[in-house]
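255 is the number of the first residue of the sequence shown in this note's numbering; add one for each residue after it.
Scroll down for the structure; my scribbles are underneath it.
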Amino acid sequence: MTSEAVVLLHGLGASAATWDRVEPLLAGNVLVPDLPGSDTIEHDALHVAREIRVAGFESVTVVGHSRGGLVATSLAEQYPALVRRLVIVATTPTVSSRLTSRGLSERILRTPLLGNAVWAMLPSRMLRAGLGSAFAPSGPVPEFAVQDLLTTGIRRFRTSTSSIDHYLEERSLSERLAALSCPVSVIYGLDDRRVNSSDMALSASDPRIDAYPLPHEGHGAPWSSAGAIAAVVNGQASPSVARLPATTLSPSLRPVRWTPPKSTARARAKYSDTPMGSIRRVELPGRGPEDVRLDSQGRILTGLVDGRILRVTLIYDGTSTVETLADTGGRPLGITVVDDSTILVCDSERGLLRVDLDSGCVDVVLDRLDSVPITFASNVVRAPSGNIYFTVSSRRFSFDDFLADLLEHSGTGHLVKLTPDGTARIVVDGIQFANGLTVSDNEEFATVVSTGDFDITRYSLVDGTAVPRTLIDNLPAFPDNISVDGDLTWVSMATPRNALHDRVARMPGIIRRISYSLPEKLRQGERTTWVMAIDRNGSIVHDLQSPTPDFAMVTSVVRRGSHLILGSISESALAVVDLPNHPQGIVS
């Protein structure tokens, strides 16, 4: 018999496809059984135990998602010698914690005659809409999830749902976990819309349980945070305090009315004329790799929403290694590489930082300008002379409220120069959401992205007057970070221009205040994967776009050989894209 394995259990109305992104990241033997959806959780656990025995495993780490977490718990209860470790993901601790049980949709579907009739009439688009709460708040519903639900059928759906309630009515999940002898890890999304996140945090607060709260994650972590799940299972992640969801107050807007330039037809197109190359995800142990940069060895440096600085090495066989090098204690955004041991980081919460990649030491270089705290440091470049240039996107809003700055359009962004003697001064002020930045080696000019004005401007730095020259304007999307590639500048295009945004910009301030208070689903932009490259004159050389659901909201791009490396504030992965006119394959 083989000694050990990892067993992955899917949730209600799902299948083994839930784990398609996680499974390749796991070390050793992996078993992914298809749960029958029995009338009791215990019967499903018995089914899993039989499959484990048939596969010849003596002990397992069992990982269960949603209802699968209850089956995994029951397996540990019934067969303690078989379960070496238990990991549950987005699993409801009580009947009342399951938010969907209170909804009208589930109550109707669980009503025998009415539920059958409604199920038979539901088109797949409505099933997809209903599944929206099962995944990350801003993420798409993968096609396999719709097909899984259709395959489940109303009878199995009803039986499986009832078994959840019966199991938890006997004893809560917290009571059951407390009685287990094996180590227990609880992973939960702080933005879960199917299970109460506060209740999951409470169930994970037992000192014998390792808690792994995932910021900006919903119910579908095995799909949208595959790298984070794999890191926990592989023993590569450190537990933290069982955090509660944060409550934040919406900022107060003081909108400035303006008239955006009329968007072009390109803003409404879904595809580029030149097809974008194949896209491969490189899963990360966290969310939001906003910027990507390369060191001298071609390794990728990026920062996550939780403060970690990562180094990713892409290997020829398609695999990758991910190292955690430091933690800024804030929210790292733009990065510039000084050398293979040192980077500068714009941290939206802490200002401009210097990070020693060998020791992990983080030092504050500058956190105030004219005695005022830097609220939203964005992108940074270090010139050969030692001068440092960086953008501050907004004086009014933090990174979490970047959309408020775009709606207000008050133009409080600026470009800052910091000399080696520590003198800092604002070179350019009044930029509409100052973002991506490049500086010529001789410091004759700086190129700055104005996300709020859809343009890229080149500022002369020779005589200190910072004379502007528009390099390209009226872009068809919100431009973000940029990177130099010889005579080209690559531009990440976060999300296409939005006709509603353009119309609201012309309206009185009260309308924009109301629009900002709308639910995120109504405010978020269209998902797309999009980059451009322009030459020194601002002419477009490459325009590559795909509506693929695999990767969206591109906030950074850098070329590495015959591929592009993409970052995103909304994904838990990097993307590797084949350049046009290059053969498809793994990054070399």
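Ideal placement from N, C-alpha and C gives every residue a C-beta, glycine not left out.
This structure is a prediction, so every number in the text was calculated from the model and none was measured.
Residue environment, residue i, which counts as buried when at least 16 other CB atoms sit within 10 Å
i, result
"Arg622", "exposed"
"Val721", "exposed"
"Ser504", "exposed"
"Gln551", "exposed"
"Glu204", "For residue 204 there is no data in the structure shown, the boundaries of the chain being 255 and 842."
"Asn791", "exposed"
"Glu471", "buried"
"Leu691", "buried"
"Pro396", "buried"
"Val599", "buried"
"Trp273", "buried"
"Met255", "Low confidence applies to Met255: its pLDDT is 44, below 50, so where it sits in the model is not reliable, and the reading given next is rough at best. Its Cβ having fewer than 16 others within 10 Å, Met255 is exposed."
"Leu818", "buried"
"Ala787", "buried"
"Tyr525", "exposed"
"Trp512", "exposed"
"Arg760", "exposed"
"Pro529", "exposed"
"Thr719", "exposed"
"Tyr421", "buried"
"Gly407", "exposed"
"Ala748", "buried"
Continuous beta strand (DSSP E) stretch holding residue i: start and end
i, result
"Ala383", "Not the beta strand (DSSP E): Ala383 falls in the alpha helix (DSSP H), residues Ser378 to Gly384."
"Ser769", "Here Ser769 belongs to no beta strand (DSSP E); instead the alpha helix (DSSP H) covers Gly763 to Tyr770."
"His470", "It is not in any beta strand (DSSP E) - His470 carries neither H nor E in the DSSP assignment."
"Asn283", "Careful: Asn283 lies outside any beta strand (DSSP E) and carries neither H nor E."
"Tyr713", "Asp709 to Ser714"
"Cys615", "Premise fails: Cys615 is in no beta strand (DSSP E) and is neither H nor E."
"Ile823", "Segment: none, Ile823 is in no beta strand (DSSP E) and carries neither H nor E."
"Thr528", "Taken as a continuous stretch (DSSP letters only), Thr528 belongs to no beta strand (DSSP E), as it is neither H nor E."
"Thr513", "Element bounds for Thr513: n/a, residue is neither H nor E."
"Val591", "Pro586 to Asp593"
"Phe699", "Phe699 to Ser704"
DSSP bridge partner residues for residue i (one or two, in chain order)
i, result
"Lys671", "Tyr643 and Arg679"
"Asn633", "Thr645"
"Ile533", "Val831"
"Glu258", "Ser313"
"Ala787", "Trp744 and His796"
"Ser737", "Trp744"
"Val337", "Val314"
"Tyr466", "Ile441"
"Gly605", "Asp601"
"His817", "Arg814 and Asp832"
Three-state secondary structure (DSSP) of residue i
i, result
"Val576", "strand"
"Phe389", "coil"
"Ser416", "helix"
"Val438", "strand"
"Ser842", "With a pLDDT of 38 at Ser842, under the threshold of 50, the modelled position of this residue cannot be trusted, and the question is left open."
"Phe398", "helix"
"Leu660", "helix"
"His264", "coil"
"Arg553", "coil"
"Arg410", "helix"
"Asp581", "strand"
"Ala303", "helix"
"Asp610", "strand"
"Pro229", "As displayed, the chain neither begins before 255 nor continues past 842, which places residue 229 out of reach and without an answer."
"Pro837", "Bear in mind that the predicted position of Pro837 carries a pLDDT of just 41, short of 50, making it too unreliable to give a figure here."
Distance cut-off 7 angstroms: residue i Cβ against heavy atoms of the ligand SAM
i, result
"Glu577", "The ligand SAM is not among the ligands present in this structure, which contains no ligands whatsoever."
Segment limits, alpha helix (DSSP H) that includes residue i
i, result
"Gly481", "Ala480 to Val487"
"Ser457", "Ser451 to Ser457"
"Val758", "Ala753 to Ala759"
"Val325", "Arg321 to Gln332"
"Phe653", "No alpha helix (DSSP H) contains Phe653, which DSSP labels as neither H nor E."
"Ala688", "It is not in any alpha helix (DSSP H) - Ala688 instead sits in the beta strand (DSSP E) that spans Ala688 to Val693."
"Ser428", "Leu427 to Ala432"
- Task: Specify whether the region 490 to 507 and the region 459 to 473 touch according to this definition: at least 3 beta carbon pairs, one from each stretch, less than 8 angstroms apart.
- Result: Yes, the region 490 to 507 touches the region 459 to 473.
- State whether the region 696 to 709 contacts the region 681 to 688, with contact taken as three or more CB pairs (one from each stretch) at a distance under 8 angstroms. yes
- Message: Assess contact between the region 260 to 269 and the region 307 to 325, defined as three or more Cβ pairs (one per stretch) separated by less than 8 angstroms. Is contact present?
- Response: yes
- Would the region 328 to 340 and the region 461 to 478 be scored as touching if the rule is three or more Cβ pairs under 8 angstroms? no
- Item | the region 292 to 308 / the region 423 to 439 touching (three or more Cβ pairs under 8 angstroms) | No contact exists between the region 292 to 308 and the region 423 to 439.
- Message: Taking 8 angstroms as the cut-off, does the region 663 to 677 touch the region 722 to 736 (at least 3 CB pairs, one atom from each stretch)?
- Response: Touching, no.
- Query: For the 8 angstroms Cβ check, are there 3 or more pairs between the region 446 to 458 and the region 478 to 489?
  - Reply: no
- Message: With three or more beta-carbon pairs closer than 8 angstroms as the criterion, would you say the region 764 to 773 touches the region 651 to 662?
- Response: Judged by Cβ distances under 8 angstroms, the region 764 to 773 makes contact with the region 651 to 662, as three or more pairs qualify.
- Query: Do the region 548 to 564 and the region 813 to 828 make contact, defined as three or more Cβ pairs closer than 8 angstroms?
  - Reply: yes
- Query: Do the region 588 to 596 and the region 631 to 638 make contact, defined as three or more Cβ pairs closer than 8 angstroms?
  - Reply: yes
- Task: Pair every Cβ in the region 608 to 622 with every Cβ in the region 646 to 657, then say whether three or more of these pairs are closer than 8 angstroms.
- Result: Touching, no, given that fewer than three Cβ pairs across the two stretches are closer than 8 angstroms.
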